[in-house]
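**Student:** Residue numbering for the sequence shown follows the UniProt record's numbering, beginning at 1 and increasing consecutively. Just so it is clear, CB atoms sit at the ideal spot from N, CA and C, and this is done for glycine as well. The structure displayed is predicted, hence computed values, not measured ones.
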Amino acid sequence: MRLYREKSLLLIVDLQTRLLPVIDGKQQVITEAGWLAQVAERLDVPVWVTEQLPEKLGETAPTLLQPLTEYRRWQKQHFNAMEDAAFSQALSASAKQQIVICGTEAHICVLQTALGLLEAGYQVYWLSEATASRRREEATLARERACHQGAVSVSADMVAYEWLRQCDIDLFKEAHQQFLKPRSARSLTFF
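What follows is the structure, encoded as structure tokens:
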């Protein structure tokens, strides 16, 4: 179950401005989702974002979308995005089979969408460090349930390196300079 960028799509669920203030670990969620979205865009992996009732919960966090030039936005009524016909039809037409999913709330919209994707035969990769709820326990239970049903828990680094596959190509060198090396330096600052 390795990830291939040619087969992948990054799905960011409901990282919305009026919901984020109550989310446990919101800054990490935005940082990790935003970082992987930029990597995805550079590697030509489609980035889709969903918004649940944006008139009430706000739009997707601007800091997440500002660095991106291409993404597809979906407004939805169902907790499970797969129940919105336009979304599921477009996903089917995309021919992408590996869906990296993250967002909020983990135990509601992310989980129900992940289960819907699994039911439809997609491979689902749960981006653990970019998926959260108001309460950490609910996010943990959601991940466990999704993984018990067949999703695979991953980190942003795992995904990026699997998408890149090898280190002796110009694409890796560019991605390493732009995304991977700065990230490694940040993660070592606590020593």
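Grouping DSSP H, G and I as helix and E and B as strand, with all else coil, what is residue 70?
**Tutor:** It is coil, neither helix nor strand.
**Student:** Please report the residue range of the beta strand (DSSP E) in which residue 102 lies.
**Tutor:** 98-103
**Student:** Mapping the DSSP letters down to three states, classify residue 137 as helix, strand or coil.
**Tutor:** DSSP, reduced to helix, strand and coil, places residue 137 within a helical segment of the structure shown.
**Student:** On the CB-based measure, 16 or more other CB atoms within 10 Å of its CB, does residue 10 come out buried or exposed?
**Tutor:** buried
**Student:** Which residues does DSSP pair with residue 126 in a beta bridge?
**Tutor:** 101, 153
**Student:** Taking the alpha carbon of residue 76 as the point to measure from, which residue in 8, 13, 154 has its own alpha carbon closest?
**Tutor:** 13
**Student:** DSSP on residue 17, reduced to helix/strand/coil?
**Tutor:** coil
**Student:** Would you report the Cα separation of residue 81 and residue 114, rounded to the nearest angstrom?
**Tutor:** 9 Å
**Student:** Which partner residues of residue 94 appear in the DSSP bridge assignment?
**Tutor:** Residue 94 pairs with nothing; no bridge assigned.
**Student:** Using the Cα positions of residue 93 and residue 128, report the straight-line distance between them to the nearest angstrom.
**Tutor:** 27 Å
**Student:** So, at 6 Å on beta carbons, what are the nonlocal neighbours of residue 5 in its own chain, with the 5 sequence-adjacent residues on each side left out?
**Tutor:** Same-chain partners within the cutoff: 43, 45, 163.
**Student:** Alpha carbon to alpha carbon, what distance is there between residue 18 and residue 30?
**Tutor:** Distance between the alpha carbons of residue 30 and residue 18: 14 Å.
**Student:** What separation, rounded to the nearest whole angstrom, lies between the Cα atoms of residue 109 and residue 85?
**Tutor:** 16 Å
**Student:** State the start and end residues of the unbroken alpha helix (DSSP H) segment that holds residue 27.
**Tutor:** 26-42
**Student:** Verify whether the separation of the beta carbon atoms of residue 8 and residue 96 is less than 9 Å.
**Tutor:** yes
**Student:** Please report the straight-line C-alpha distance between residue 3 and residue 103, rounded to a whole angstrom.
**Tutor:** Cα to Cα, residue 3 sits roughly 19 Å from residue 103.
**Student:** Could you check the C-alpha separation between residue 189 and residue 150 for me, to the nearest Å?
**Tutor:** Summary for residue 189: the model assigns pLDDT 39, below 50, so the residue's position carries little reliability; its value from the coordinates is reported in the next sentence. Using only the alpha carbons, I get a separation of about 35 Å.
**Student:** When DSSP labels each residue in this structure, what does residue 51 get in the three-state scheme?
**Tutor:** Three-state DSSP puts residue 51 in a strand.
**Student:** So the candidates are 59, 79, 117; which of them puts its Cα closest to the Cα of residue 20?
**Tutor:** 59
**Student:** Which stretch, first to last residue, makes up the alpha helix (DSSP H) that contains residue 113?
**Tutor:** Per DSSP, residue 113 belongs to the alpha helix (DSSP H) from 111-119.
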